[in-house]
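Going by the UniProt record's numbering, the residue at position 503 of the sequence shown is 503; the numbering climbs one at a time, nothing skipped. Cβ coordinates follow ideal geometry from the N, Cα and C atoms, glycine included.
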Amino acid sequence: MEREVRVRFAPSPTGPLHIGGVRTALYNYLLARKLGGKMLLRIEDTDQNRFVPGAEQYIMDSLRWCGIEIDEGIEQGGPHAPYRQSERKPMYRQYADQLIRDGYAYYAFDTPEELDAMRARLTAAKVPNPQYNSITRAQMRNSLTLPEEEVKQLLDAGAPYVIRLKVPRKEEVRFNDLIRGWVVVHSSSIDDKVLMKSDGMPTYHLANIVDDHLMEITHVIRGEEWLPSAPLHVLLYRYLGWEDTMPQFAHLPLLLKPDGTGKLSKRDGDKLGFPVFPLEFHGKDAETGEPTVSSGYRESGYLPEAFINFLAFLGWNPGTTQEIFSMPELIEAFSIERVSKSPARFDQNKVRWYNEQYLRAKPDAELAQYLLTELNEQGIGVDMPTERLEQIAGLVKERATFPADLAREARLFFHRPISYDEQIVSKKWNAQVAAALTAFAAVLPTATDATPDGIKALLTQVVEGQGMKLGQVLQVLRMAVTGSGAGPDLMHIMSILGPQETAERLQAAVAALAAHAG
1 MEREVRVRFA PSPTGPLHIG GVRTALYNYL LARKLGGKML LRIEDTDQNR FVPGAEQYIM
61 DSLRWCGIEI DEGIEQGGPH APYRQSERKP MYRQYADQLI RDGYAYYAFD TPEELDAMRA
121 RLTAAKVPNP QYNSITRAQM RNSLTLPEEE VKQLLDAGAP YVIRLKVPRK EEVRFNDLIR
181 GWVVVHSSSI DDKVLMKSDG MPTYHLANIV DDHLMEITHV IRGEEWLPSA PLHVLLYRYL
241 GWEDTMPQFA HLPLLLKPDG TGKLSKRDGD KLGFPVFPLE FHGKDAETGE PTVSSGYRES
301 GYLPEAFINF LAFLGWNPGT TQEIFSMPEL IEAFSIERVS KSPARFDQNK VRWYNEQYLR
361 AKPDAELAQY LLTELNEQGI GVDMPTERLE QIAGLVKERA TFPADLAREA RLFFHRPISY
421 DEQIVSKKWN AQVAAALTAF AAVLPTATDA TPDGIKALLT QVVEGQGMKL GQVLQVLRMA
481 VTGSGAGPDL MHIMSILGPQ ETAERLQAAV AALAAHAG
């Protein structure tokens, strides 16, 4: 019988969730949904020293904002609860004991001073990577070098110890990565990792393997930084007798800085002015304890669907020219085979482009709500029909990248100009133009057709009646109505403002600029 596809996202609550982590969660989610499987969220909090209050809730809120749905987790529950590793502590010990009984692990009683001395000896001997391994363990205080009776006495006396994996000295460890193909590592490069710490908590390596097995995980999709740990995990599956149900591994490519010189970090975002976290995070400086705020994509005005579409393409492509994908379309198109093993360079211009596409594609009614919210936050009261607000949103959306831009572009509808573009005034304002605008303002309130086409026809008639061409007055007319020489379609602006308001703005501009006539 074929196993149900089960994937997990297993972050540590040590701070805000980096967008690299969000991408990992996304690829897990896309694969699970594509293959009709389950998506789990497991919180790996075995390192209590690095626990950051609020980080756990932040992770869940971030995934929810991104539209990544969790089937089993600390909120949803499930058949393999609890989903928080600190609450699973009692179950790990039996597997560490099993490894010791079967000869695959051992007790190590070395003090911190003895470990430092060992590293110092190796460093002095020019060993490039000092570690506790199949060679150095023979000179240390552990259950492989001490007499059995002494080991028993130390355990009975409650002497502090850790449990280490007994890595073979000469063996090739191999596994087939779904993205990178066959990976082969010699065991001599793997150290005897600690599996259980002296406080009785498991390390990441043991807890991760035990949980993935008990939760019946079929695919482990994670960042490239975990690739060096994979051979160790393969050994643990083998030694625990779980090799037949070992999940398939897929190690995702790194996310690089915009210039491609290294891994993308929070510092890069701060320096270059873009977020590296999905949501804003309020924390504390590790050294000073002072409150800190890390910017988020949500608060910066990005739409979740644009953010997710952008992230999906950081390491994956559909093999077509299509760039805009809804979540259902991403699920349909996604495959691990099309994930690249080459690092993906972060491009802030591209995520802005995605946001523009999604924002402009939204219905005007939805954009009107964005606009209303932004105007209210700026203290701009709006007293106009919903239909008019939708017209404004539809008109200004082509000049917007973020929802806040809608309000900036729409301010001209709620505030009459208090100044006028000096460059246009000096170059194009004269008595003839003033006469044409005055004549147009005089007939506008009686216009029977206030559509953009109707207003343009009336304007053309008036301007030609003044012996001028439309091109001679259009930019000045725009300036008189809006204060600026550029912006959305002028005829639509005047149509939305209405004949009376437009006429009054023209009259005010002519009066204010009378000194420049001639």
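* **alpha helix (DSSP H) runs contained entirely in the segment 67 to 155, provided each spans 4 or more residues** => Given a length threshold of 4 residues, each whole run of the alpha helix (DSSP H) inside the segment 67 to 155 is given here in chain order: 89 to 101, 112 to 124.
* **C-alpha gap between A96 and L236, whole angstroms** => If I take the Cα positions, the gap works out to 10 Å.
* **For L195: DSSP bridge partner residues** => For L195, which the question treats as bridged, DSSP gives no partner whatsoever.
* Could you tell me whether the segment 442 to 452 touches the segment 380 to 397, using the rule of 3 or more Cβ pairs below 8 Å? => No, the segment 442 to 452 is not in contact with the segment 380 to 397.
* Short check: CB of D192 to CB of Q98, under 9 Å? -> Not closer than 9 Å, so no.
* Quick one: residues in its chain with C-beta nearer than 8 Å to the C-beta of A435, no 5 flanking neighbours on either side, listed in chain order? => For A435, where only same-chain residues beyond five positions count, the Cβ hits under 8 Å are Q466.
* Given a threshold of 16 other Cβ atoms within 10 Å of its Cβ, counted over all protein chains shown, does H219 qualify as buried or as exposed? -> By the neighbour-count definition (other C-beta atoms within 10 Å, threshold 16), H219 is a buried residue.
* To do: Return the bridge partner residues of M39 from the DSSP annotation.
  => Answer is V7, bridged to M39.
* Asked: CA-CA distance, R238 and D364?
  -> R238 and D364: Cα-Cα distance of roughly 58 Å.
* **CA nearest to the CA of P202, picked from S335, K38, E44** => It is E44 whose Cα lies nearest to the Cα of P202.
* **Coil, strand or helix - residue 528 by DSSP** => The structure shown does not extend to residue 528, since the chain is modelled only from 1 to 518, so the question has no answer here.
* To do: Could you tell me if D199 is buried or exposed, where buried requires 16 or more neighbouring beta carbons within 10 angstroms of its beta carbon?
  => When all chains shown are included, D199 counts as exposed.
* Output the distance between the C-alpha atoms of S189 and L232, rounded to the nearest integer angstrom. => Using only the alpha carbons, I get a separation of about 10 Å.
* Asked: Going by C-alpha distance, which of V183, N49, T386 is nearest E224?
  -> The shortest Cα separation from E224 among V183, N49, T386 belongs to V183.
* Asked: Can the beta-carbon of G73 be found closer than 9 Å to that of L31?
  -> G73 is not a Cβ neighbour of L31, given a cutoff of 9 Å.
* Under the assumption that R416 contacts A508 (Cβ atoms under 8 Å), give the Cβ distance between them as a whole number of angstroms. => Right, their Cβ atoms sit about 7 Å apart.
* To do: Return the residue from the list A410, P275, F413 that minimises the CA-CA distance to N349.
  => Among A410, P275, F413, the Cα nearest to that of N349 belongs to P275.
* One or two residues paired with I221 in a DSSP bridge -> DSSP output for I221 lists A250 as bridge partner(s).
* In chain order, which alpha helix (DSSP H) runs of at least 4 residues are fully inside the segment 315 to 353? -> Entirely contained in the segment 315 to 353, the alpha helix (DSSP H) runs reaching 4 residues are, in chain order, 327 to 333.
* Pick from A333, K362, K89, R8: whose alpha carbon is nearest that of L63? -> The candidate whose alpha carbon is nearest that of L63 is R8.
* Can you tell me the Cβ-Cβ gap for L254 and V339, rounded? I've got them flagged as a contact below 8 Å. => The beta-carbon separation of L254 and V339, rounded to 13 Å, does not stay under the 8 Å limit for a contact.
* Asked: L146 to T14, Cα distance in whole Å?
  -> When only Cα atoms are considered, L146 and T14 end up about 38 Å apart.
* Check N430 in the structure and name its three-state DSSP category. => DSSP places N430 in the coil class of the three-state scheme, outside both helix and strand.
* Is G454 helix, strand or coil when you go by DSSP? -> Correct three-state label for G454: helix.
* State buried or exposed for S426, treating a residue as buried only when at least 16 other CB atoms are found within 10 Å of its CB. => Exposed is the call here.
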